[in-house]
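**Student:**
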Amino acid sequence: MDEQPGLSEQYRRASAWPLFVALGLPLAEIGVLFGLVPVAVGGLLLFVGSIAGITQESGYVERPWNLLAGLGGVLLVLGAVLALSQIPFSAGALTAALASNGLVVRGVSIVIAGFVAIGVGGVGRFVEPQSV
Amino acid sequence: MANEQIALTLLMGVLLVAVTAFLTRIEDWRSYTPLAGGGGGTAEESGYAREEKPGGLIRWLTTVDHKDIGMLYGTYALATFTIGGLMVMIMRTELLDPAATLIESTTYNGLLTSHGITMLFLFGTPIIAAFSNYFIPLIIGADDMAFPRINAIAFWLLPPGALLIWAGFFVPGLMPAQTAWTMYTPLSAGVGAGTQSGAGVDLMLLGLHLTGVSATMGAINFIATIFTERAEDCTWANLDIFSWTILTQSGLILFAFPLLGSAIVMLLLDRNLGTTFFAVEGGSPILWQHLFWFFGHPEVYILFLPPAGLISLILPKFSGRKLFGFKFVVYSTLAIGVLSFGVWAHHMFTTGIDPRIRGSFMAVSLAIAIPSAVKVFNWITTMWNGKVRLTAPMLFSVGTISNFIIGGITGVFLAAIPVDLVLHDTYYVVGHFHYIVMGVLGFMSFAGLYYWFPIFTGRMYQRTLAKWHFWLTFVGTQLTFFAMLLLGYLGMPRRYATYDFSIGPVEPVTALHQVATLGAFLIAIGFVIHVWNFVQSWSEGPIIEDGDPWNLRETNQYTREWQWHHRRMQTTIADGGEGDEEGEESRFATDGGEVDDADGDGADDANIDTDADDSSADTDTVEN
Ligand code: HEM
Ligand SMILES: [Cu+2]
Chain A
0 MDEQPGLSEQ
10 YRRASAWPLF
20 VALGLPLAEI
30 GVLFGLVPVA
40 VGGLLLFVGS
50 IAGITQESGY
60 VERPWNLLAG
70 LGGVLLVLGA
80 VLALSQIPFS
90 AGALTAALAS
100 NGLVVRGVSI
110 VIAGFVAIGV
120 GGVGRFVEPQ
130 SV
Chain B
0 MANEQIALTL
10 LMGVLLVAVT
20 AFLTRIEDWR
30 SYTPLAGGGG
40 GTAEESGYAR
50 EEKPGGLIRW
60 LTTVDHKDIG
70 MLYGTYALAT
80 FTIGGLMVMI
90 MRTELLDPAA
100 TLIESTTYNG
110 LLTSHGITML
120 FLFGTPIIAA
130 FSNYFIPLII
140 GADDMAFPRI
150 NAIAFWLLPP
160 GALLIWAGFF
170 VPGLMPAQTA
180 WTMYTPLSAG
190 VGAGTQSGAG
200 VDLMLLGLHL
210 TGVSATMGAI
220 NFIATIFTER
230 AEDCTWANLD
240 IFSWTILTQS
250 GLILFAFPLL
260 GSAIVMLLLD
270 RNLGTTFFAV
280 EGGSPILWQH
290 LFWFFGHPEV
300 YILFLPPAGL
310 ISLILPKFSG
320 RKLFGFKFVV
330 YSTLAIGVLS
340 FGVWAHHMFT
350 TGIDPRIRGS
360 FMAVSLAIAI
370 PSAVKVFNWI
380 TTMWNGKVRL
390 TAPMLFSVGT
400 ISNFIIGGIT
410 GVFLAAIPVD
420 LVLHDTYYVV
430 GHFHYIVMGV
440 LGFMSFAGLY
450 YWFPIFTGRM
460 YQRTLAKWHF
470 WLTFVGTQLT
480 FFAMLLLGYL
490 GMPRRYATYD
500 FSIGPVEPVT
510 ALHQVATLGA
520 FLIAIGFVIH
530 VWNFVQSWSE
540 GPIIEDGDPW
550 NLRETNQYTR
560 EWQWHHRRMQ
570 TTIADGGEGD
580 EEGEESRFAT
590 DGGEVDDADG
600 DGADDANIDT
610 DADDSSADTD
620 TVEN
């Protein structure tokens, strides 16, 4: 074992993740429902991040990064579908709709969260081998 | 606007960084050793190299141990019960006289809504989860729940849920929801006069959604645990009654709560994004009532079945005999579970739905009285000719039976269409369901807390205070809720802050309201005594050194959770108890009832632990 074992390594009946899964979900819900972009993005990231973490901790996956990126991909698709359902496909229409259409705002915030998750997942994958 | 966005962004950024920092500090998540299958597969008391859990606050924030999570649920439920109780005490005080003297009617409506939601979703489901989390794995001989981490997630969703539900009261600029717990459209859709269009209602709906997610996760976990984690010698044939009721309840949750969640999302979409699920020109407001009650009626059984299981569990222990007609109690539980999905429209008899539909729902509703009565007769027969010991948990169980008889029979009356047309939306309905939610769920929560107090704390509660608690609660419950039945007969509608009708010179409506308020205060005093007893006995009560404080071995009812308790005491024999001058263990054991010899009824779960550890080294009761 590592010289400084983590909490759930050291203690058989402890895990740091559930608390944050349970914090991420409400934040994500509030953010998306009220169209608060930062809260939506942050909440979704916390949520998918903790899911990736807890899944790895329980041994269902070996490293969290692929799962994180995968969940990010799901968010990306969902958010894009939501936003694009509202507008014709063009960048100009998108920026115009961001100002006026609440659904587009919500969709885009989900897309942002998806992007970030994919980014972190991707970076984590490649950076990690050196740091371990 | 732009500034707010920046501030929010900063705030979220700081939060995420803080969480990551915290996690990297306490977790070395680069070095997990993968434990296939969710981990936690080692035996309970094995001398495993790693310790069980960290100390201090971190232990409680990170625990995935079913017993700890049970304790968290219990603490949470007692806190929410206190808050919901304070809300209703304000309302009952307001109702002492006909006018709006203490609070405005809008405040009253807000309190009314929150009281209902708090008691059902933040107290009811969690207090049941407290008992089931702690004891189901012990009773069925499992190491833990099937998914310990999901168990922890389910609990941690509840505090944010509560904050959202109450947000309207303490967030400046928000109004609390005034929709009542049933959230009927069009009012709750925020249309019409638009008094319910504020964000307070949205937050409440989100909070309710979270508690629903939590309950569903818990239910899946219990189903998986009871199906797959039982010990070898725990078969379907000898599965105990409490596990049966939790299994049935979990099934009901699994089918009912996701529906509530979807209906809430639809309502939120109607409110915020212009859909028309429940609009008059769309899906119609009646659609909400159908969806809500398809969830809502099973919900009342979700709250009733586990307490009924607790009666079936506790009653035999203090009657000295095994449960009469065990099989039929199980069958009636399953029957109620199935039938409860076929009666929802009895809440909608006055909405003008097709009379033929009403008729069939009336028939099924009346039919549900049969399995309910089966339970009652089995309980009474269990006590019949038994050696009854009137301990605090037993008193609460017996009181519950009488409450359930009144609550159940008034339900049968309400299920008859002609009667319901008169009594719908009166205090009669309020009386009916409080006889069950307070009279059964509330009472059995207390019974369970007393019965297992020695396991929770290793100590004994103060029996005199417990009896005060019982009698105040029992008398208070009868005064409050029987007065409500009578108020209903007099035509007092429910959900009003004021009332203004005199009938002759004596004003019976005012008088009955005052009786109800008096009863509510008695219940409140009893509860204060209970909390005091609990807290004080926890720290100072006499330490129990006997693994069988209720003398269950004598009647062959020394069940697994007590055996586990006994083993735990032996492995952690630390500093022995205090004074043992009297050494009169029977005084605990009976909590005031007389001690009898076993009448050897041969209980179903007979599995007596080997040694009898009968050292008379026990402490005295605390009354002094
Ligand atoms: C013998 C079985 C029962 C029958 C036949 C029955 C029947 C009814 C009927 C017909 C109503 C609608 C009254 C109206 O609004 O006009 C009602 C309301 C209610 N019942 Fe029961 N009931 C039974 C048992 C229970 C149980 C076990 C509970 C458990 C907690 C319960 C909780 C409620 C609640 C909460 C309401 C009021 C809902 C509301 O409008 O806010 N009932 N019952
Ligand atoms: Cu019902």
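If you're matching them up, the sequences are chains A and B in order.
So the first sequence is numbered by numbering that gives the first Met the number 0: it starts at 0 and just counts up by one.
So the second sequence is numbered by numbering that gives the first Met the number 0: it starts at 0 and just counts up by one.
Heads up, the beta-carbon is just placed ideally off N, CA and C, and yes, glycines get one too.
1) Who are the near neighbours of B/A366 in its chain, counting only those whose CB is closer than 8 Å to its CB and skipping five residues on each side?
2) Is B/V299 near ligand 2, with its Cβ less than 7 Å from a heavy atom?
3) Does the beta-carbon of B/V279 have 16 or more other beta-carbons within 10 angstroms, so that it is buried, or is it exposed?
4) Please find out if some non-hydrogen atom of ligand 2 comes closer than 7 Å to the beta-carbon of B/H289.
5) Determine contact between the segment 267-284 of chain B and the segment 216-230 of chain B, defined as no fewer than three beta-carbon pairs at a distance below 8 Å.
6) Does the distance between the C-beta of B/V342 and the nearest non-hydrogen atom of ligand 2 fall short of 7 Å?
7) Considering only residues of the same chain and omitting the five flanking positions on each side of B/M381, which have a CB-CB separation below 7 Å?
8) Please report the distance separating the alpha-carbon of B/E228 from that of B/T349.
9) Step through the CB atoms of chain A and report whether any lies within less than 8 Å of the CB of B/T62.
10) Could you pull the DSSP bridge partners for B/T425 from this structure?
11) Quick one, which of B/P541, B/M203 and B/E506 has its alpha-carbon nearest B/F169's?
12) Determine, using beta-carbon pairs with one atom in the segment 101-110 of chain B and one in the segment 495-505 of chain B, whether at least three such pairs fall under 8 Å.
13) B/R559 and B/I138 look like a contact to me (Cβ under 8 Å); what is the Cβ gap, rounded to whole Å?
14) How about B/H65: is its Cβ closer than 7 Å to a heavy atom in ligand 2?
15) Determine which residues share a DSSP beta bridge with A/A13 and list them.
16) Quick one: complete alpha helix (DSSP H) runs, 4+ long, within the segment 41-69 of chain A?
17) So what does B/I542 bridge to, in DSSP terms?
18) Are three or more beta carbon pairs between the segment 55-72 of chain B and the segment 14-31 of chain A nearer than 8 Å?
19) Run through chain B and tell me which residues come within less than 9 Å of A/A21, C-beta to C-beta.
20) What residues in the segment 539-559 of chain B bring their beta carbon closer than 7 Å to a beta carbon of chain A?
21) At a CB-CB cut-off below 7 Å, which residues of chain A make contact with B/N271?
22) Any heavy atom of ligand 2 within a distance shorter than 7 Å of the CB on B/H345?
23) Tell me whether B/H296 counts as near ligand 2, meaning its Cβ is closer than 7 Å to at least one heavy atom of that ligand.
24) Where does A/S89 fall in DSSP's three states?
25) So which residues on chain B does A/L155 lean against when the C-beta distance must stay under 7 Å?
26) Among B/A129, B/S371 and B/L484, which residue has its Cα nearest to the Cα of B/A214?
27) Helix or strand or just coil, what does DSSP make of A/F114?
28) Using beta carbons (cut-off 8 Å, strictly below), is A/I117 in contact with chain B?
29) Which residue comes first and which comes last in the alpha helix (DSSP H) that contains B/M216?
30) Under 7 Å between beta-carbons, which chain A residues line up against B/R566? List them in chain order, please.
31) Check whether chain A comes within 8 Å of B/D201, counting only Cβ atoms and requiring the distance to be less than that.
32) Could you check how far apart the C-beta atoms of B/N532 and B/Y460 are, in whole angstroms? I think they sit under 8 Å.
33) Kindly say whether B/M11, judged by its beta-carbon, lies nearer than 8 Å to any beta-carbon of chain A.
34) For B/F360, which residues of its own chain have a beta-carbon under 7 Å away from its beta-carbon, when the five flanking residues on both sides are left out?
35) Against chain A, does B/I263 count as a neighbour if the rule is that its beta carbon must be under 8 Å from one of theirs?
36) How is B/W467 classed by DSSP in three states: helix, strand or coil?
**Tutor:** Answer, in terms of the structure:
1) L338
2) yes
3) exposed
4) no
5) Counting Cβ pairs under 8 Å, fewer than three are found: no touch.
6) yes
7) Residue identity differs from the one stated: residue 381 of chain B is Thr in this sequence, not Met. Same-chain partners within the cutoff: L314, P315, S318, R320, L322 and F323.
8) 47 Å
9) yes
10) B/P492
11) B/M203
12) yes
13) 5 Å
14) no
15) B/T62
16) none
17) Per DSSP, B/R458.
18) yes
19) A151, I152, A153, F154, W155, L156, L157, P158, P159, L209 and S213
20) none
21) Here the neighbours are L32.
22) Correct: B/H345 has its Cβ closer than 7 Å to ligand 2.
23) yes
24) Of the three classes helix, strand and coil, the one that applies to A/S89 here is coil, per DSSP.
25) Residue 155 of chain A cannot be examined here, being either before or after the span of chain A that is shown, 0 to 131.
26) Selected option, being the one with the closest Cα: B/A129.
27) helix
28) no
29) A198 to T227
30) Simply none; closest approach about 18 Å.
31) yes
32) Their Cβ separation, rounded to whole angstroms, is 5 Å, which keeps B/N532 and B/Y460 in contact under 8 Å.
33) yes
34) V342, A344 and H345
35) no
36) Looking at B/W467 - three-state DSSP - the assignment turns out to be helix.
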